[in-house]
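Since the structure comes first, as structure tokens, the remarks are kept for the end.
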Amino acid sequence: MNDPLSEVIALLQPQAVFSKRISGAGRWGVRYAEFGQPSFCVVLEGRCRLAVDGQPAVTLEAGDFVLLPATPGFTMSGFEPVTPERIDPKVTPAPTDEVRHGTRGGRPDVRLLGGYFVFDSPDAALLVSLLPALLHVRGVERLSVLVRLVGEESKEQRAGRDLVLTRLVEILLIEALRSTSGDDAPPGLLRGLSDARLAPAIRQMHGQLARSWTVAQLAKTAALSRSSFFERFIRTVGVSPMEYLLAWRMAVARDLLRRHDMGIAEVAERVGYSSASTFSTAFRRHVGQPPSRYARAG
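Using this note's numbering, the final residue of the sequence shown is 292, and nothing's skipped along the way.
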């Protein structure tokens, strides 16, 4: 059966862009403006404080990994009161050497490897909405190794660099997401997949996308009454079962139209519509243009 988490990552089409080493010592703090693109960091040594807009502040320690799928504004600092230096990552030139904040020279209080990448999917906003706004993972050595590999590969210009970076980032995302406790995650796909009753229904939707699903059928898969399943799905995933199914069908349809030599009728059948006209109506309502025009724009 299909793995929904892997499918989401594949459709996001992550592409590595940039990574850098950052260190801080003494009294220091930086305030990053909202970036919008996904970013990550791993703490190589020491400790620091991270305050992401809309989230409780956390203390980061050596070995910790942080992923922000849509990077809102955030402040990173030491533990002494300070007025943070303001940085806009959209206009500030990307540094080539290690960035030092606070006291220059000497051993830093914290050293991190951070970076960002882009999602090349036209459905990135939809798919990111299924993920937690902040992932903070502690003590998973595999993540630290992957981030270091991304950092090393991004500095080299070896053959196959872009492909290797893309694959590394895909693995990094999957490892980070499955290392996050679903019970602690906000409503979304991770929490849904960690729910023993809802997970089979979500996997069935992904695995049999062409099937004419009803809430009653999905509820039976989850061994719940229709009303209990509906309420539990909204509470856990954040949208209703049919909203989730429609959004996923449209994401897959857009990918098929954009990437494959496939007619409208075949795409319609693949994503669960009985006719091309019914699919075209739903696609136009959801995307804002007919599938034929979307396919030509490719």
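Using N, Cα and C, we set each Cβ at its ideal position, and we do this for glycine too.
Treat the numbers as computed from the prediction; the structure is a model and nothing was measured.
Query	Result
Rounded straight-line distance, which links the Cα of Ala51 to that of Gly23	14 Å
Ala270: first and last residue of the uninterrupted alpha helix (DSSP H) it sits in	270 to 281
Inter-residue Cα distance where the pair is Ala276 and Leu166	34 Å
Neighbour-count burial assignment, Glu169, 16 or more Cβ in a 10 Å radius	buried
Asp255 burial status per 10 Å Cβ neighbour count (16 or more: buried)	exposed
Contacts around Ala195, its chain only, beta-carbon distance under 8 Å, and the 5 residues preceding and following it disregarded	Leu212, Ala213, Thr215, Ala216, Phe223, Phe227, Pro235
For Ser286, the first and last residue of its enclosing alpha helix (DSSP H)	285 to 291
Contacts around Ala270, its chain only, beta-carbon distance under 7 Å, and the 5 residues preceding and following it disregarded	Ile258, Ala259, Ala262
Leu218 (DSSP reduced to helix, strand or coil)	coil
Helix, strand or coil at Gln211 [DSSP, three-state]	helix
Sheet register partners of Ile3 (DSSP bridge)	Ile3 pairs with nothing; no bridge assigned.
Gly266 versus Asp91, Gly201, Gly232, Ala289, residue with shortest Cα-Cα distance	Gly201
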